[in-house]
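Protein chains in written order, with the numbering used here: chain A, 1 to 414; chain B, 415 to 828.
This is the structure we're talking about:
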């Protein structure tokens, strides 16, 4: 049943595609667009209702397995995918880190009775959250457990681990933590530009149309979970930006207007909500994603690599959270030369990170152009920040650098 | 001339006050409100135009002082307030940390010629930014200097220090760094609730009306500078929240609707933009600010104290950035008992922070109820997070805790 999801997604996306109008259109066109958009949003609601049924069904199936074993006087067990780098592979086809087939089995014994009970209670909490259309953060779940008597957690690290296990368990069936209604405690990124976000009210179902061209110098702040959102856009690309400073500059000067794009501020390594938002938006509206980060091993191998293929120790998340279609606009090592950028020398930690990427990271090992670029950076022995472009004037990035780069997307690093 | 600012502010606020209507009103009322609102926004534009003239005037006056001394064959000098804890006092009257009268004088000599030139160039950059209605982050300014030939900075720490000096210099005349067009690189917080933000376009002057009731599960992300914004609201209070998790819960359940309020997510220690936004909103619309943070020495003496009175090493900013009218809703040490909250033991660092606050912090030393509360916390030897309320149910915070607390604002800690 979960497999059908992508079908529905594509259909909804196709419908959205035909109505791609933002604040730019006339009011009549906008009225018609609103009607169709509302239909697209209703499709999302329908799809989520189905997904909720699937989620509850899978939780019940797992619980019934345990219950049935007990009824047959057998020791019940639960098996979870192992979450470690040793159980991860990089798939060039899907474009992200995938979790392997290794599993750990937790059998109910005298020693495991507490953690077994905690796992079932946590699954029960998830079911309740789906049924009441609510959500819980890791911390919320930990404190909820304080009322579970003997099954309460003593430390949040324990409840986090159980939640991670459940998440990995159901990820095998294509469910994300967000579908289990466990949401991150972190902030989402900021968004501005040619995009309308459709957000159905959790109680009334009434769809809010959020026009991201209408935030002045401010921006739209992504909620911690985005599964219920759908989109309308006529943007040509999504620009994912590392620093708040550059985002604010592009937003204040309405770069999205002249370049027909959507700006997303990642503020360092993007949060789960930000990555999921970019992925969903790019998938459903079929728009490319370009990353604009500092030219240093952190920007390349932490920020960009996490955005694109996920991270090693959370590979069970990659299928939902990474953005395999992302490409690297800059700042590239070659840009340092071409734009005569001011640099800083690479620190030991930078060199270590770059060498690690070349030697151990399956993503960089699969992409020759990246190996060349990183070796180039190591040879130059320097790094450059995206704001270094300000050497040529504060708005050089808007007037020269980005237009020049955007004229040749084929040259972007993979 | 700067002194007049608060007068104008009050007038603009009064005008805004009479038009306090959010998305709740009918379309006719909204039309009328929009017209008046636009008038209020135009007032802000006028006020800012005046302030810009004042800023340029002060920069020119300072530069002419230097120029004049050179003309008279004297050694020119510039004097800056000393930025350190030893030059700070807590004023109970204004309610924030104030910078003292100690100054350091920088005279132009062979040894200081470079930093003297850099200071003047930095002031020149500020003047240019005001005149072109643009802005620069600290990092932008550093990279801009790469084109200043002999006056370029080698390290960003150098340019940051010069910028801080200039900021302190002009703060004496009532100008903030934002008025000098130097803006922070950090993200602003997220906002949702009964508020319309009015944001005039930097080029056309056309006013964008941003209705913070209309963001679904998302929110409004505060821009890095907020001086150009004005507000309409009928909210009864501003709730400044420490964690993203609680903010998302209150926003998703539209707590602002049932409680007539504005929610602001601080996400830890609030950024400058977030503090300035809250201060400006509270001042201009005369609404109280309640802080809702973790009950631990960090929440109390770092987050709340910074929000309310500022921080020691940036006292020259307090007059613009702190929110002296803020009050502490919770979580209080007494709440830990009253709500039987799950706790964690205080760590050594917590105990040290609490004792420091009692012994050295002029704010806590001026407020008996705070001394009692902190001593109480030290005696209990525990701390509690705001999400600990989830023990009683995920939405207990919405249904029970906040309504009970909000019924007695007089009991909030100062």
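Backbone N, C-alpha and C fix where the C-beta goes; we use that ideal spot for every residue, glycine too.
Considering only 51(A), 39(A), 82(A) and 106(A), the residue with the shortest C-alpha distance to residue 66(A) is 106(A). In the three-state scheme derived from DSSP, where H, G and I count as helix and E and B as strand, residue 822(B) is classed as coil. According to the DSSP secondary-structure assignment, residue 759(B) is paired through a beta bridge with 796(B).
When rounded, the separation of the alpha-carbon atoms in residue 594(B) and residue 686(B) is 15 Å. Interface annotation, residue 505(B): not in contact with chain A, CB-CB separation never under 8 Å. Cβ-Cβ distances below 6 Å link residue 470(B) to 541 and 544 in the same chain, with the five nearest sequence neighbours on each side left out; the list follows chain order. Residues 493, 494, 495 and 496 of the same chain have their beta carbon placed closer than 8 Å to that of residue 517(B), with the five preceding and five following residues left out of the count. Think of a sphere of 8 Å around the beta carbon of residue 757(B): no beta carbon from chain A falls inside it, the nearest being about 10 Å out.
Bridge pairing for residue 199(A): 208(A) [DSSP]. Between the alpha carbons of residue 602(B) and residue 777(B) lies a gap of roughly 26 Å. Looking only at 169(A), 39(A), 261(A) and 309(A), the smallest Cα-Cα distance to residue 89(A) is reached by 309(A). Looking from the CA of residue 806(B), the closest CA among 60(A), 146(A), 132(A) and 220(A) belongs to 146(A). In this structure residue 642(B) is buried. Its beta-carbon is surrounded by 16 or more other beta-carbon atoms within 10 angstroms. Counting C-beta atoms within 10 angstroms of its own C-beta, residue 485(B) has fewer than 16 neighbours from the protein chains shown and is therefore classed as exposed.
For residue 324(A) against residue 143(A), the beta-carbon gap comes to about 36 Å, at or over 8 Å, which does not count as contact. Short of 8 Å from the beta carbon of residue 810(B), and not among the five residues preceding or following it, lie these beta carbons of its own chain, in chain order: 803 and 804. Residues of the stretch 603-630 of chain B with a C-beta less than 9 Å from any C-beta of chain A: 603, 604, 605, 606, 611, 612, 613, 614, 615, 616, 617, 621, 622, 623, 624, 628, 629 and 630, listed in chain order. Boundaries of the alpha helix (DSSP H) harbouring residue 582(B): 570-585, taken from the DSSP string. Scanning its chain for C-beta atoms nearer than 7 Å, with the 5 sequence neighbours on each side dropped, one finds around residue 567(B) the residues 532, 556, 559 and 573, in chain order. The stretch 247-263 of chain A and the stretch 398-406 of chain A touch, with no fewer than 3 CB-CB distances between them shorter than 8 Å. For residue 385(A), the nearest CB of chain B lies under 8 Å from its own CB, placing it at the interface with that chain. With a threshold of 8 Å between beta carbons, residue 462(B) makes no contact with chain A. Short of 7 Å from the beta carbon of residue 116(A), and not among the five residues preceding or following it, lie these beta carbons of its own chain, in chain order: 106 and 108. As the crow flies, the alpha-carbon of residue 563(B) is around 35 Å from that of residue 218(A). Comparing alpha carbon positions, the residue from 549(B), 578(B) and 676(B) closest to residue 706(B) is 676(B). At a C-beta separation below 9 Å, residue 553(B) has these neighbours in chain A: 243, 245, 385, 387, 388 and 390.
Judged by DSSP in its simplified three-state form, residue 803(B) adopts helix. Note on geometry: alpha-carbon atoms of residue 132(A) and residue 270(A) lie some 29 Å from one another.
Taking every protein chain shown into account, the CB of residue 730(B) has 16 or more other CB atoms within 10 angstroms, so this residue is buried.
At a cut-off of 8 Å between beta-carbon atoms, residue 635(B) makes contact with chain A. With respect to the 8 Å criterion, residue 624(B) and residue 214(A) are classified as neighbours on the basis of their beta carbons. Between the stretch 374-389 of chain A and the stretch 293-303 of chain A, the count of Cβ pairs shorter than 8 Å is three or higher; the stretches touch. Counting every other CB atom within 10 Å of its CB across the protein chains shown gives residue 824(B) a total below 16, marking it as exposed. For residue 764(B), no CB of chain A lies under 8 Å from its own CB, so it is not counted at the interface with that chain.
The Cβ-Cβ distance between residue 235(A) and residue 195(A) falls below 8 Å.
Taking the Cα positions, residue 238(A) is about 13 Å away from residue 251(A).
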